[in-house]
Structures are given as C-alpha cells and as structure tokens.
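See structure below.
4 protein chains.
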Amino acid sequence: MTAVATPRGRPRDERVHAAILGAAVDIVTEVGYAATSIAAVAARAGTGKDTIYRRWSTKAELVYEAVFTATESAPVPDTGSLAGDLTALVSALVGEFTAPAAAAALPGLLADFAASPKLRTGIRSHFLGPAKAGLAEVFERAVQRGEAHSAVPADLVLDTLAGAVFFHVGLVGAPVGQDLADQLAALVTRGIEVR
Amino acid sequence: MTAVATPRGRPRDERVHAAILGAAVDIVTEVGYAATSIAAVAARAGTGKDTIYRRWSTKAELVYEAVFTATESAPVPDTGSLAGDLTALVSALVGEFTAPAAAAALPGLLADFAASPKLRTGIRSHFLGPAKAGLAEVFERAVQRGEAHSAVPADLVLDTLAGAVFFHVGLVGAPVGQDLADQLAALVTRGIEVR
Amino acid sequence: MTAVATPRGRPRDERVHAAILGAAVDIVTEVGYAATSIAAVAARAGTGKDTIYRRWSTKAELVYEAVFTATESAPVPDTGSLAGDLTALVSALVGEFTAPAAAAALPGLLADFAASPKLRTGIRSHFLGPAKAGLAEVFERAVQRGEAHSAVPADLVLDTLAGAVFFHVGLVGAPVGQDLADQLAALVTRGIEVR
Amino acid sequence: MTAVATPRGRPRDERVHAAILGAAVDIVTEVGYAATSIAAVAARAGTGKDTIYRRWSTKAELVYEAVFTATESAPVPDTGSLAGDLTALVSALVGEFTAPAAAAALPGLLADFAASPKLRTGIRSHFLGPAKAGLAEVFERAVQRGEAHSAVPADLVLDTLAGAVFFHVGLVGAPVGQDLADQLAALVTRGIEVR
DNA sequence: GGCTAATCGAGACGGTACGTCAAGTCTTCCA
DNA sequence: TGGAAGACTTGACGTACCGTCTCGATTAGCC
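Here you go:
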C-alpha cells in the first residue's frame, strides 16, 4: 500500500513543468546538448533556475526526460517471423535516434550518463529495461517457432543494436535511412537464428 | 610539392608537447572528460594555456591525441578463420576501449565529435579508417576461403562492433571481459558467414 | 475616537507574534544582522514567511522591534548632579548598545534605517524621542541648580553620546567597559557646565 | 629593503582599476550601498566580475576604496588655538561624511566593517589611524600652549567626533551645516580645555 | 653579434554559466 | 480569515573556465 504523503503547500504547476520540457527540447534541438544551459532553458520557459533545479538535479536528467518522454514506446512487434520482428524493432530504434531532438541530445546525454554511476543505473532500468523486455518477448516467440535457440543473450543483442545505431547516427551525421535498419536487422537475425 | 615554409623564430619544444599530452591523459583518467579543463592541463604540465591552444584548438582534439596516440594500432589478425579473426579484432577493440584513459575519455569525446562536423569527419578518417581497412582485409580473406559473401558491408560491421563495445563499456561500467568479445564475435560471424 | 474596525475572520495568534520575535533575536545574535533572513526566522519560529510579512514589511522593522522591545527604557536618572546624571545615562546607553543582540543588530539596523527616509523618521521619534526627553529633563534640573546654561542643545548632545558609544562599540569590538562611560560623561559634562 | 617580487604575467591595467572605482562611486551614489552589487559595478565599468574579485574580496573593501581614496586627507590644521583647530577638524569631518558618495555609502559600509573582525581592524588602522595622529598633534600643541591637559584621550575624542557626525548625518538626512561643526567643536573644546 | 621572429610561463581580461540562496508574492489545504 | 507549507519569478552571490591578450624572458635562424 503506497501511503501517498499528504501534499502540503502550493502544488507544483503542471504548465510550468510542460513549459520547461518544451523549452529544453527546443534549445537542445537548436544549439545542441553541450551549448544548452539551464539558465537558457529557464529563460525560454519563462521560469527561474530554481524552479528547474527543484525538479531535476542535472542537465542530463532534464534533457533526458524532455527528449524521451515525448517519445512513446512503440508496442512490441509481432510480425510472425524473427526477421520481421527485428526489422521492426531496429526501424523503431532508428526512428527514435534520428528524431531531431534525440539526435542532437544523445551523444552528450550518453557522455553525462556514462560519467555518473547514479545516472548510469537509472538509464539502464528506465530506458533500456523496457526495450530489453520487448526484445526478450520477440526472442521467446522465435524460440517457440523454432527460429532461435533459447540461450540468446538479449542484453548483448540490445547493446549491439542500440550501439550500432547510435554510433552510426552520431558519427556519420548523414541522414540514416531504412537500409541501415534492414541491413542491421538482417545481420543480427542471421547471427541468431537456428540453421 | 610540399614547400615547407622555412621556420622562423624559436622552434616549438618537443618536451612541452609531451608534457601536455601526459598531463591530459592523467587528468582525464582522474576526473573524467567533462571535468578536464585546458587550464588544469596547463597547470599540471607546467605550461601556459596559450601553449596548448597553439597546438590544439579544442579540448576534444587534445584529449583525442593524448589518449589514442599512445595506443598502437594492433596488426590485422590472420588466424586462418573468420571467427578467429573477428574474435581477435573485437578483443583488440575491447582492450582499447576499456583502457582507463580511453574509458574515461570516450563518451565525452564522442559527444564533442558528434557535435562538430569538422571533428566528425576527422575521426572517421583517422580513427575508423584504418580499422575499416583492417576489417576489409579480414573479409577479403574470408571470401577467398569461402566463408563469407563478397558483399559484406565493412562499414556497417565496424559500426556494429564498435558501437556495441562502446555502448556496453559506457553504460555498464562493470569490468567488461573476454566473454563479451567472444559472444559479440560469434554473433557477427554467424551473421556474416555463408552457410 | 479610535473606531476600531470590527475584526473579521480568525484573530492573529499572539503566541506566533512572540515566537517570531524570539526567533529573530536568536538568529540575529547568532549570525549577525546581514546574515539574518526572513526565511530563517520563519523556519526557526515554525511559521510561514507570509505570517511575518503580514506584520512587518521589512527585516529592519522586525529586528528593531525584536531587539529593542525587550529593552525596557530605564527611568530618567536623578542623582543630584549633572555629572552623576550624565554618567548614569551614558552607562545605560552603553548597556543597551553592548547587549549581545543589540551589538549584533545595531550597525546593520542603522544602515537600513539610514537608507530609508520612512524608517529614519520612525526611529527618530520612537527610539531617540524618549531619550531626548530624558536628557532634556536632566538638563532642566541642571539649569535650576545653576550647573548648566539654558541653551544646551539636547539634540546635539544626544547624537554625540549615542554616536560616540555606537562608533566605539561597532568599530572596536573589544569589550567596552565602564571607563568609556565615565570618560565620555566627564567630557560632555565639562563641555556643558557653567564655570 | 623591500625586495619587490618580480612581476610575472600580464600586468594589471590601471585604467580598468580606475574604471571600476569610478563605476562603484557612481552606483553607490545613485542607488545606495545595499543595492550596489558587484555585478552591476562590473557591468557599468565594462569589466568581468573576476576582474573585480581579483582586486577586492568584498563589496565593502571595494566601496571603501572607491569612496575614500578620492578623498584627500586634509592637512592637520594649525590655527593657533585649540578651538580653531578642532573646528577645522570637525568641519573637514563633516565635509567628508556629507559628500554624496560618502553619505550614501557610510552606514552600510560601517555595518559591514562592524560585522567582520578583519575589516574592522583594517579600518581602524587605515582610516582612523591618520585621523588619530592628526588629533594627537593638535592636542600636543594645545598642551604646549597650556590650553589642555596632557592626558587627553585622543581615541575617545576621535570616536566622539566621528560618531556624533556619523550619527547625525545618517539619521537626520537633512543637510548638515556649519552650525553642527561649530557646536560640536565648541562642546568638545570646552570638555577638554584647562580652565 | 645584433636583428627578427616565434615560443614559453604567467596571469590579466571580458564573458558566460554554474548551483545556491534570499527576496517578496502566490496558491493550496487545514483550522 | 489566519496560518503553515511550499511553489513561484527575480536577481545577486562567489567560483570556475572559456579563449584572447599582453607582459618579460628565451631561443632559434639570418644577415
């Protein structure tokens, strides 16, 4: 039973919350993660810095929520084949990573997360956790269909897919298309499937 | 014809160069990339800030040279099998990425590179270029042995391998061992090889 | 006729009033006037900030009331001689100014009062007014005894005594003793008396 | 022999120094001591905040130097009589304390000095020290002329004069004129002189 | 051997952002 | 309505780096 503490004092203003997240997305998209400052977000949102620090303790947490909260997690694909499911998953991943705000924010975000043990564990559970669960579900169905062995390491595959997409998006800069998703999904499918 | 301009004035001191790189490696390893400042490197190296700016125009370039110049690029492996070669390559990659200074510097470095088109192209040619050539050589031999198709996209595989290792090293933080290298190499080998 | 407006709603709690003044005295004594904040007083008193602002509009007024309301104004001395009366007055002044809370509050308080015309006139009537009346009474008796001329400027003498004590207490910091009071009273007595 | 340390690095710019002091005087005069911020002085002077903090560690020290460095200390008066000398000294004091910048700065300045032991001792030696020496000189001549006893406490008299003028200027606000100086000098002269 | 020119250590310079703190106002619930 | 709590906007705090600049003092090649 979660005994919610009785809220005392003036409640936080939801519109302020939304304004801050919106401003953060705008600024990150415009000037990039490194050049995004809490002060600038506050100014754009029409709030004070304290109001931001009251909710997020670091720029990384703020930008992470701003960029990836809007992103709805797609439902786990169920196309009937491992290849189809993986292609769908990778396509979704590419879509998420190449959205303007995400593309602008991701490298810096990852750097900040990597530098802080606290944030690192946080992202593993919140961001990668659900994705890992979805991937496990896909694998389970593939095993039932006899397409894959039961011992496939979902962790490794997830890191591989996400890392590949991230690395490509971050370092190529060119518009990344459907072909990357297809090729990558094909590579991994063949790496996994029973033959 | 490279008409080297006759150097006028006092020549640059090589010992200063080395001292700066050494100080940069030390500081990055100790406090991380983000907390590394040019001022601190200068102080540790016993030089002035200008002496650093005269050689490197950004922190990213300085740290990149400091961290990856020491790293000698391993020779292209030739074990006689695609699986063996890839395992060796991935092992080398893991070794490079998990070295203390590299692990501390990489995420931040990648973020800065991703944010700057100029740096981005630079790293693709200097850092990934040789690796891509090595990978292509391994593939070529695999094709000759009949282990792989000729149309294997070295670019994609390189991004996949590097991205997977980077992602894992950056976000897990735990000591990454030989098993990652083995599993990853196996996954990719099976994804590529003719069957 | 003071037509007291019929109080509507919940009446103010006297205990809250007292708690705020007590907290203000404590905090001023502990950390000094400049470092005393309304927020800290509210926290110590267990009240909200609004409850303080509802009663006092500035920190100066709050601290003034907190520190000098407790101080009971001593009765006008009547020792039978000008020298004796002045010594008693100066001693009382030294006592008031060197009390811990007063010593901590006075310089800052004076600065705030000096900066605001509204507060300035207030203090002249409330704080210095009674003292001036007492001094005038002492002078009157001295004139009747033939010790002083009738044209002695009480204002000037009061500023002189208060200023001297304040300046000494504020800038010396050392424990100010009876000798200051004696010497100062003697100086002024000789400056005034008929000879 | 004062072995001046060899100046290393870029020397401080005297014009910047002067610009800061000038800006400080302007702002204090315009908005008062309390409302004067280092940031505002920096903006007005066209410098960065660091450039100010490099020279003065507190607002009090900056404003003190800005306001009282311009003030040249008047020569010790020698009119031939104790009354004349004291009148001249008090007049000078009134002049110093009523100058626009000084009047605006003094109360707050005194409060900050009183709150800090370090600053307190500083002001006693730099500001009051010379004044005390001048007063002592005046007394010495008066003793030689037989006008005063040799045991006159210069400290006490100085605090009395300065305190009286300060208190009056700070709390009256009205234009303080020559009559205050005359009356005060007369009071103290009579309090001191041999009769 | 003086001249020219670049390098070196040092640190001042004008900026910008940091994260904290307090100001005074407001909005909620409870008495 | 009063009161406690705490969110809100504003703006200063003092610190740290940024990248540029200006010093005096080297340290080379050139005439």
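One line per chain: the protein sequences are S, D, W and F, in this order.
Quick note on numbering: the first sequence equals residues 1447 to 1641 in my numbering.
Quick note on numbering: the second sequence equals residues 1447 to 1641 in my numbering.
Quick note on numbering: the third sequence equals residues 1447 to 1641 in my numbering.
Quick note on numbering: the fourth sequence equals residues 1447 to 1641 in my numbering.
All residues carry an ideal CB built from backbone N, CA and C; glycine is no exception.
Excluding sequence positions up to five away, which residues of its chain have a Cβ less than 8 Å from the Cβ of residue i?
i: residue 1495(F); result: 1484, 1485 and 1488
i: residue 1630(F); result: 1536, 1607, 1610 and 1611
i: residue 1548(W); result: 1513, 1514, 1517 and 1542
i: residue 1621(S); result: 1544
i: residue 1450(W); result: Per-residue confidence for residue 1450(W) stands at a pLDDT of 46, beneath the threshold of 50, marking its modelled position as unreliable; the derived number appears in the next sentence. Excluding positions up to five away in sequence, the list is empty.
i: residue 1480(W); result: 1554
At the level of alpha carbons, what is the spacing between residue i and residue j?
i: residue 1590(W); j: residue 1634(W); result: 18 Å
i: residue 1562(D); j: residue 1565(F); result: 50 Å
i: residue 1463(F); j: residue 1498(F); result: 8 Å
i: residue 1611(S); j: residue 1469(S); result: 27 Å
i: residue 1559(S); j: residue 1617(D); result: 7 Å
i: residue 1600(W); j: residue 1605(F); result: 19 Å
i: residue 1584(S); j: residue 1521(S); result: 11 Å
i: residue 1504(W); j: residue 1623(W); result: 33 Å
i: residue 1452(S); j: residue 1515(W); result: 39 Å
i: residue 1510(W); j: residue 1500(W); result: 16 Å
i: residue 1636(W); j: residue 1573(F); result: 28 Å
i: residue 1650(F); j: residue 1570(F); result: Only positions 1447 to 1641 of chain F appear in this structure, which leaves residue 1650(F) out of reach.
i: residue 1555(S); j: residue 1568(S); result: 13 Å
i: residue 1531(S); j: residue 1475(S); result: 31 Å
i: residue 1627(W); j: residue 1602(F); result: 10 Å
i: residue 1519(W); j: residue 1502(W); result: 22 Å
i: residue 1508(S); j: residue 1546(S); result: 17 Å
i: residue 1632(W); j: residue 1632(F); result: 15 Å
i: residue 1402(F); j: residue 1557(D); result: Summary: the structure shown does not reach residue 1402(F), with chain F confined to residues 1447 through 1641, and so no result is reported for it.
i: residue 1586(S); j: residue 1577(S); result: 14 Å
I'd like the span of the alpha helix (DSSP H) that includes residue i, first residue to last.
i: residue 1587(D); result: 1575-1590
i: residue 1537(D); result: 1528-1544
i: residue 1468(S); result: 1460-1477
i: residue 1636(W); result: 1624-1638
i: residue 1599(D); result: Neither: residue 1599(D) is in no alpha helix (DSSP H) and is coded neither H nor E.
i: residue 1496(F); result: 1495-1499
i: residue 1452(S); result: Unbroken run through residue 1452(S): none, as it is neither H nor E.
i: residue 1480(S); result: It is not in any alpha helix (DSSP H) - residue 1480(S) carries neither H nor E in the DSSP assignment.
i: residue 1568(F); result: 1563-1569
Applying the criterion that 16 or more other CB atoms from any shown protein chain within 10 Å of the CB defines a buried residue, is residue i buried or exposed?
i: residue 1625(D); result: exposed
i: residue 1482(F); result: buried
i: residue 1614(F); result: buried
i: residue 1640(S); result: exposed
i: residue 1579(W); result: exposed
Using a Cβ-Cβ cut-off of 6 Å (strictly less than) and excluding sequence neighbours within five positions of residue i, which residues of its own chain qualify?
i: residue 1478(S); result: 1550
i: residue 1553(W); result: 1616
i: residue 1581(F); result: 1600 and 1604
i: residue 1447(W); result: In this prediction, residue 1447(W) has a pLDDT of 39, which is less than 50 and means its spatial position is unreliable; what the coordinates show is noted afterwards. Counting only Cβ-Cβ distances below 6 Å, and skipping sequence neighbours, we find nothing.
i: residue 1638(S); result: 1594 and 1598
Beta-carbon within less than 7 Å of residue i's beta-carbon, same chain only, minus the 5 sequence neighbours each way: which residues are those?
i: residue 1445(S); result: The first residue shown for chain S is 1447 and the last is 1641, placing residue 1445(S) beyond what the model contains.
i: residue 1490(D); result: 1469, 1472 and 1473
i: residue 1575(D); result: none
i: residue 1588(D); result: 1528 and 1594
i: residue 1466(W); result: 1487, 1491, 1493 and 1498
i: residue 1461(W); result: none
i: residue 1539(W); result: 1607, 1608 and 1611
Practice problem: Examine the Cβ distances between the segment 1452-1469 of chain D and the segment 1595-1602 of chain D and report whether three or more of them are shorter than 8 Å. | Solution: no
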